[in-house]
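Chemist:
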Amino acid sequence: MSYVPIKRPKFSFLDKIYVVELVKGLIITFKHLALSLMGKSRSKKDFNGKGVGACMPFPEQRWDAHLPEYYRGAPTLVRGEDGRERCVSCQLCEFICPARAITVTPGPVAEGSGLEKQEKAPAEFEIDMLRCIYCGMCQEVCPEQAIFLSKEYLITLTDRKDAIRNKAQLYKLGGTRKGLVNKWNQYK
Amino acid sequence: MSKKPALLPKDEAAAEGKVNVQINGKWYRFPKGTRIADACNSVGVHVPCFCYHPKLSVAGSCRMCLVEQGMPPRLAPGATPTYNEDGYQTIQWMPRAIIACANTVAENMGIRTDGKLCTEARRGVLEFLLTNHPLDCPICDQAGECKLQEYTSDYGSGTHRFTESKTKKGKNLSIGPRVNLDQERCVLCRRCVRFMKEIVGEEVLGVVGRGTHNAISCYPGTQLDSNYSMNVVDLCPVGALTSKDFRFKMRVWFLKSTPTIDVNCGTGTNINIWTREQKVYRITPRQNDEVNSCWMPDSHRLNYKYINAPERILTPLVKTDAKAPQRPSTWDATLNLVVEQLHKCAPVEVAIIASARMTNEELYMARALARQLGVTKFDIVPRKGENDGMLISEDRNPNSNGAKLILNKTGAGLATIRRGVKNGSIRSLIVLGEDVTQEAGIPAEDLAELDYLLVMAHSENATTKAADVVLPGVTFAEKYGTMINVAGRIQRLNKAIEPLGEARSEWSIMRELTELLGCDCPRVIACPSPMMILEEMALEFEPMKGLTWGNIGNEGKVILDTGVTIPLIEREKSKK
């Protein structure tokens, strides 16, 4: 098998008995308890709340500004800095999707589009947001850096049909992403 | 040395015409002249090959099948060989690996594929093959069934050391009406070149350029337009040669393959149907050395589009009045209506045209239906074409021998039916799985003159348009059954997809119709499946004696001696 071995950290005896980590965790819990009792918790600072606990008064206030960098929201398709639609319809996301939310219809690139090197692009790309479980497997498996999970968390539908997002919608939501690997140009 | 066995293994093997070979520490016996690669693969020791194909000559160009080999020591003059307790001589291993495809086994030979030498050799070969490979797997149709991908995953190094820019070659070149070439992906195994030269006999492909600029190309002024051209797509171990028809249709890992047979001619080429979610995406040949070797003609391979075409009839259609249009109906209502209408017809004025494109099981049910109705004007439509000297038979019906055996019909009575329809002595016609306006030669005007026309078909055609009642049948991909090919071999059809819409397999339609018409013979009406019908037929027909669905197997069984041979198979046998 062709594999590259990964070096795992070696645990000492202190790590293995686990007591130190438990105490560390409890210190954090007690810190939050103390701050909450004093009325100085995160909700006071960030959300303009009463200062008890970390609850946000939703929907008057929104999560948008407070989401962590790694937050997994709705999947979208992105364009590269060169404006190229990055998906080549390899269908790995469709294959890996545990909820079978993704349906890709592959096809050739449009003639005269200047993407002759890429050869292949999705004719249609649909994600059923009622099926999506926001696991992020599609982003992880994508060999083309074409699908990314956005921070969109508020998906309100009035019709089941609206839940299926097509290729045009997904590219609109994804926008342009910087710093991606430059592929399928004339040099490669 | 301890005591010698009475008879040494080498003598035992020699008596059978075989030799003893040690593979990864275990001793096996193979016939003399077996290639090392075939010997290893036959005992489950996998030897990776790009260029070697058992049906083609040996090229030995890819070097992927390198194995470690050893022989007994060469004796000094006058010395006698010594044997160990099991009766074998010690093996002296060679310091360098040899290719397993171009060397044959020998007595007391040792082969090792799990040693360091072999592992290193494979890794080195793969590293060189990948120096100029474009690594465009995301857009390559071969991904998922690509030998280069598989071997790199199994034996490759996982990283690469070459930082130089790769050689540029032609991509997405059209080299024929059905085949595309990508020279960058090619590993130069020359399987396609050898196939066109040795099997088809048209030297169209060759290797041009030198060194790293080596590439497969068509000779000037020629193109790959043979009717067997798409076999090079199956042969190509990488994605260099791809099918234009299957290009960017679906990734192969989504497809399910079902072993079945082709129904375009009497040869009954063994095929795999590749489907996903009730849709057929492609057809590839399946190896059967007695029927089609490893190949199939393009014309048959591409004739699958009607299975998912909009022309398919999905519900029973009924014309309530002579001039009224056909309306969709339900099965129960339609079958009861048909029975009512058939009871009104006088048997002498009824004719049945069946098809030699039906399976044996369907023909058996058609015979039961004809007997129940008391119809004597009953025949099939013969279909003749040209034998192409390869795999396409002059008999374009897949089951003419079945019709001959079960119905005792060859199409001789068709002219009488045609005349009867013309002069009006036949007032009602039952057409089972045929478009009679085509080969049968009954024009649509004559069909319009009939009192009653009952048609069973899977797709819309001129005959179904004229019909009073249309019963939707299924295509070959949607049913189980058996057929007998021109050489008298009975072969199985397997169901790859479920019947589309409300369509039903023909045998079950005819079984129910026969039952509703009043048949009480348990040998007809108590058949729940084609497998049971086959067992009924095995009791009735002498050549089918003892046949069951299971013992026919995927390769089929010869049950008739027809004297007909398949030219390509004859050529292959004479080469050996």
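Protein chains in written order, with the numbering used here: chain H, 1 to 188; chain B, 1001 to 1576. Each residue gets a CB set at the ideal place from its N, CA and C atoms; glycine is no exception.
Should Arg1138(B) be labelled buried (16 or more other beta-carbon atoms within 10 Å of its own) or exposed?
Modeler: Correcting the residue identity first, residue 1138(B) is Pro in this sequence and not Arg. So Pro1138(B) counts as buried.
Chemist: Does Gln1142(B) come out as helix, strand or coil in the three-state DSSP assignment?
Modeler: Gln1142(B) falls in the coil class under three-state DSSP.
Chemist: Within the stretch 1224 to 1257 of chain B, note down every full beta strand (DSSP E) run reaching 3 residues or more, in order along the chain.
Modeler: The stretch 1224 to 1257 of chain B contains these whole beta strand (DSSP E) runs: 1241 to 1243.
Chemist: For Val1564(B), collect the residues of the same chain with a Cβ closer than 6 Å to its Cβ; drop the 5 residues on either side in sequence, then sort them by chain order.
Modeler: Within the same chain, Val1564(B) has close Cβ partners Val1486, Ala1487.
Chemist: For Val1280(B), tell me which candidate among Tyr1364(B), Glu1202(B), Tyr1304(B) has the shortest Cα-Cα distance.
Modeler: Comparing Cα-Cα distances from Val1280(B) to each of Tyr1364(B), Glu1202(B), Tyr1304(B), the minimum goes to Tyr1304(B).
Chemist: Under 7 Å, Cβ to Cβ, is there at least one residue of chain B near Gln139(H)?
Modeler: For Gln139(H), the answer is no, since every Cβ of chain B falls outside 7 Å of its Cβ.
Chemist: Nearest CA to the CA of Ala1322(B): which residue from Cys1065(B), His1053(B), Asp1451(B), Trp1093(B)?
Modeler: Comparing Cα-Cα distances from Ala1322(B) to each of Cys1065(B), His1053(B), Asp1451(B), Trp1093(B), the minimum goes to Asp1451(B).
Chemist: Considering just the uninterrupted stretch of the beta strand (DSSP E) at Phe1326(B), what are its terminal residues?
Modeler: One detail in the question is off: residue 1326(B) reads as Gln in this sequence, not Phe. Segment 1326 to 1328, the beta strand (DSSP E) holding Gln1326(B).
Chemist: Does Lys167(H) pass the burial test, meaning 16 or more other C-beta atoms within 10 Å, or should it be called exposed?
Modeler: With 16 or more Cβ atoms within 10 Å of its Cβ, Lys167(H) is classed as buried.
Chemist: Which value, in whole angstroms, describes the spacing of the CA atoms of Val1067(B) and Ala1079(B)?
Modeler: So the alpha carbons of these two residues sit roughly 30 Å apart.
Chemist: Taking Cβ-Cβ distances shorter than 7 Å, what residues in chain B pair up with Lys120(H)?
Modeler: Under the 7 Å cutoff, chain B gives Ile1139, Phe1248.
Chemist: Do the stretch 60 to 69 of chain H and the stretch 1219 to 1228 of chain B meet, that is, are 3 or more Cβ pairs less than 8 Å apart?
Modeler: As far as the Cβ criterion goes, the stretch 60 to 69 of chain H does not touch the stretch 1219 to 1228 of chain B, which means the pair count is below three.
Chemist: Could you confirm whether any beta carbon from chain B is found closer than 7 Å to the beta carbon of Val78(H)?
Modeler: No, Val78(H) does not count as interfacial toward chain B.
Chemist: Taking all protein chains shown into account, decide if Lys979(B) is buried (16 or more other Cβ within 10 angstroms of its Cβ) or exposed.
Modeler: Because chain B is modelled from 1001 through 1576, residue 979(B) falls outside the range shown and cannot be assessed.
Chemist: Can you tell which of Trp1274(B), Glu1290(B), Ala1368(B), Lys1169(B) has its C-alpha closest to the C-alpha of Thr1284(B)?
Modeler: Out of Trp1274(B), Glu1290(B), Ala1368(B), Lys1169(B), Trp1274(B) has the C-alpha closest to the C-alpha of Thr1284(B).
Chemist: Starting from Asn1292(B), follow the beta strand (DSSP E) in both directions and report where the run begins and ends.
Modeler: Taken as a continuous stretch (DSSP letters only), Asn1292(B) belongs to no beta strand (DSSP E), as it is neither H nor E.
Chemist: Residues of chain H with a CB under 8 Å from the CB of Thr1275(B): which are they?
Modeler: The premise fails here: Thr1275(B) is roughly 16 Å from chain H at the closest Cβ pair, so nothing lies under 8 Å.
Chemist: Give the straight-line distance between the Cα atoms of Glu144(H) and Glu1016(B), rounded to the nearest whole angstrom.
Modeler: Distance between the alpha carbons of Glu144(H) and Glu1016(B): 58 Å.
Chemist: Between which two residues does the alpha helix (DSSP H) harbouring Ser1042(B) extend?
Modeler: 1036 to 1042 is the extent of the alpha helix (DSSP H) around Ser1042(B).
Chemist: Is Met1001(B) close to chain H? Criterion is C-beta to C-beta, closer than 7 Å.
Modeler: Since pLDDT at Met1001(B) reaches only 47, below the 50 mark, its modelled position is unreliable, and the value read off the structure follows with that caveat. With 7 Å as the cut-off, Met1001(B) does not count as an interface residue toward chain H.
Chemist: Which ranges would you report for the beta strand (DSSP E) in the stretch 78 to 143 of chain H if only whole runs of at least 3 residues count?
Modeler: Fully enclosed beta strand (DSSP E) runs of 3 or longer: 102 to 108, 120 to 128.
Chemist: Phe125(H) to Gly1144(B), Cα distance in whole Å?
Modeler: Approximately 21 Å between the Cα atoms of the pair.
Chemist: Going by DSSP, name the residue or residues bridged to Asp1182(B).
Modeler: In DSSP, Asp1182(B) forms no bridge with anything.
Chemist: Going straight from the alpha carbon of Asn48(H) to that of Leu37(H), what length do you get?
Modeler: Taking the straight line joining both Cα atoms gives about 16 Å.
Chemist: How would you label Glu60(H), buried or exposed, when you count the other beta carbons within 10 angstroms and need 16 or more for buried?
Modeler: Looking at its Cβ environment, which holds fewer than 16 other Cβ atoms inside 10 Å, Glu60(H) is exposed.
Chemist: Quick one: using the 10 Å Cβ neighbour count with 16 as the cut-off for buried, is Gly39(H) buried or exposed?
Modeler: With fewer than 16 Cβ atoms within 10 Å of its Cβ, Gly39(H) is classed as exposed.
Chemist: Using beta carbons (cut-off 7 Å, strictly below), is Gln91(H) in contact with chain B?
Modeler: At least one chain B Cβ lies under 7 Å of Gln91(H).
Chemist: According to DSSP, is Ser1526(B) helix, strand or coil?
Modeler: The residue asked about is misnamed: residue 1526(B) is Ala in this sequence, not Ser. Ala1526(B): coil per DSSP, three-state reduction.
Chemist: In this structure, what does DSSP give as the bridge partners for Thr1260(B)?
Modeler: Paired residues: Ile1271(B).
Chemist: Roughly how many angstroms separate the alpha carbons of Met1001(B) and Asp1086(B), rounded to a whole number?
Modeler: Any reading at Met1001(B) must be qualified, since the residue scores a pLDDT of 47, below 50, and its modelled position is unreliable; the value itself is stated next. Taking the straight line from one Cα to the other gives about 11 Å.
Chemist: Do the CB positions of Leu1568(B) and Leu1391(B) come within less than 7 Å of each other?
Modeler: Yes, the Cβ-Cβ distance between Leu1568(B) and Leu1391(B) is below 7 Å.
Chemist: From the DSSP output, read off the bridge partner residues of Gln1092(B).
Modeler: DSSP, once it has assigned bridges, lists Met1071(B) as partnering Gln1092(B).
Chemist: Keeping to the same chain, check which residues put their C-beta closer than 7 Å to that of Asp1011(B); ignore five residues upstream and five downstream.
Modeler: Same-chain partners within the cutoff: there are none.
Chemist: Quick check: is the beta carbon of Val88(H) nearer than 7 Å to any beta carbon in chain B?
Modeler: Chain B, which has a Cβ nearer than 7 Å to the Cβ of Val88(H), makes this yes.
Chemist: Checking 7 Å against the spacing of the C-beta atoms, do Gly202(H) and Leu154(H) come in under that value?
Modeler: This structure gives no information on residue 202(H), because the portion of chain H shown stretches from 1 to 188.
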